[in-house]
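To keep things clear, I will list the structure first and then write my remarks on it.
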Amino acid sequence: MGRAALVEEDDRVPDAWHLLALAYYSGHQYAEAAEVLAKGQALLKAMGAGPKDEITQVFADLQSAIKEALELAQPGQQGGPGEPQCS
């Protein structure tokens, strides 16, 4: 069973989108993680989750981590997420 199977059964579960994004993030597939997380965030918005809801904050935390990882993974930069940058 692949990663996408998390959402194939029922794509209306925000936690499944978060777990899928986390799996991509953990596998250093940051663009895929960002894409999947955005789908989950759209679902949260459609479900009426507000910015102060805990689930929204959990998604925002992962979004920040993905954004940072994408910035560090840009060509011409050394190191990766969690690794010190060489100057």
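Under the numbering used here, the sequence shown has 76 at position 72, and the numbering climbs by one with no breaks.
Note that CB positions come from ideal geometry on N, CA and C, so glycine has one too.
Sixteen is the threshold: when 16 or more other Cβ atoms of the shown chains lie within 10 Å of the Cβ of Gln45, as they do, the residue is buried. In this model, Lys71 and Arg16 are separated by some 24 Å (Cα to Cα). Secondary structure of Gln78 (DSSP, three-state): coil. Close CB contacts of Lys56 within its chain, under the 7 Å cut and outside five residues either way in sequence, are absent. One thing to note: Tyr34 has its Cβ no nearer than 8 Å to the Cβ of Ala8.
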